[in-house]
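Numbering (the working numbering), first residue to last: 1166 to 1283. First comes the structure, then the notes that go with it.
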Amino acid sequence: MRTEDLLHCTLNDLSDLKAVNVRPIDVRKITPLADYMVIATGNSSRHVRSIAENLITHMKGRMVCPGGIEGDKDDEWVLVDLGDVIVHIMQQRTRDFYNLEKLWAPVYQDQDEEVALA
């Protein structure tokens, strides 16, 4: 599956699974690990885990083999490695604390400017 198609499917799945504040970030220019990072919020630890597990199930149905799932025991932050797309699913307090959008600020700001110009 092409990277853009994988990203599109991921964003649609996250929306269907009721993830909120979903933010894709293009990281191609700053890391060789992935092309996109997607950050999403779940309403509870159960919701975070459910989003991650269902995302993996949906991707396997599309013949995409996830590289893995990582997360803490409290399910405040779960990472799903889809290869070219890495998905971070967090509870809001964890997302606020780690503020990955700010960590990736140069890319994040450039994308906002591109969207504003479009």
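Glycine is no exception: its CB is placed at the ideal position from the N, C-alpha and C atoms. Computed from a predicted structure; not experimentally measured.
Exposed or buried, which one is residue i when buried takes at least 16 other CB atoms within 10 Å?
| i | result |
| --- | --- |
| M1228 | exposed |
| E1235 | exposed |
| L1198 | exposed |
| L1268 | exposed |
| E1169 | exposed |
| T1196 | exposed |
| T1175 | buried |
Less than 8 Å between C-beta atoms, sequence neighbours within five positions excluded: which residues of the same chain meet that for residue i?
| i | result |
| --- | --- |
| A1205 | L1179, A1184, V1185, N1186, V1187, R1188, I1216, V1252, H1253, I1254 and M1255 |
Go ahead and pull the three-state DSSP assignment for residue i.
| i | result |
| --- | --- |
| A1283 | Reliability fails at A1283, whose pLDDT of 39 lies under 50, so the model's placement of it is uncertain and the value that follows must be treated cautiously. A1283: coil per DSSP, three-state reduction. |
| G1226 | helix |
| Y1273 | Residue confidence for Y1273 is low, a pLDDT of 49 falling below 50, so the modelled location carries little weight; the figure read from the coordinates is stated next. Looking at Y1273 - three-state DSSP - the assignment turns out to be helix. |
| R1188 | strand |
| I1204 | strand |
| L1198 | coil |
| R1167 | coil |
| E1235 | strand |
| D1240 | coil |
Below 8 Å on the Cβ atoms is my guess for residue i versus residue j; work out the distance and round it to an integer in Å.
| i | j | result |
| --- | --- | --- |
| N1208 | L1182 | In fact, because the Cβ distance is near 11 Å, the residues do not count as touching under 8 Å. |
| E1241 | V1213 | 7 Å |
Closer than 7 Å by C-beta to residue i: which residues in its own chain qualify, once you throw out the five before and the five after it? Chain order, please.
| i | result |
| --- | --- |
| L1171 | V1229, L1247, D1249 and V1250 |
| M1224 | P1231 and L1247 |
| L1265 | I1204 and H1253 |
| Q1257 | T1206 |
| S1210 | D1239, D1240, E1241 and Q1256 |
In its own chain, which residues sit with a C-beta less than 6 Å from the C-beta of residue i, not counting the 5 before and 5 after it?
| i | result |
| --- | --- |
| G1233 | D1246 |
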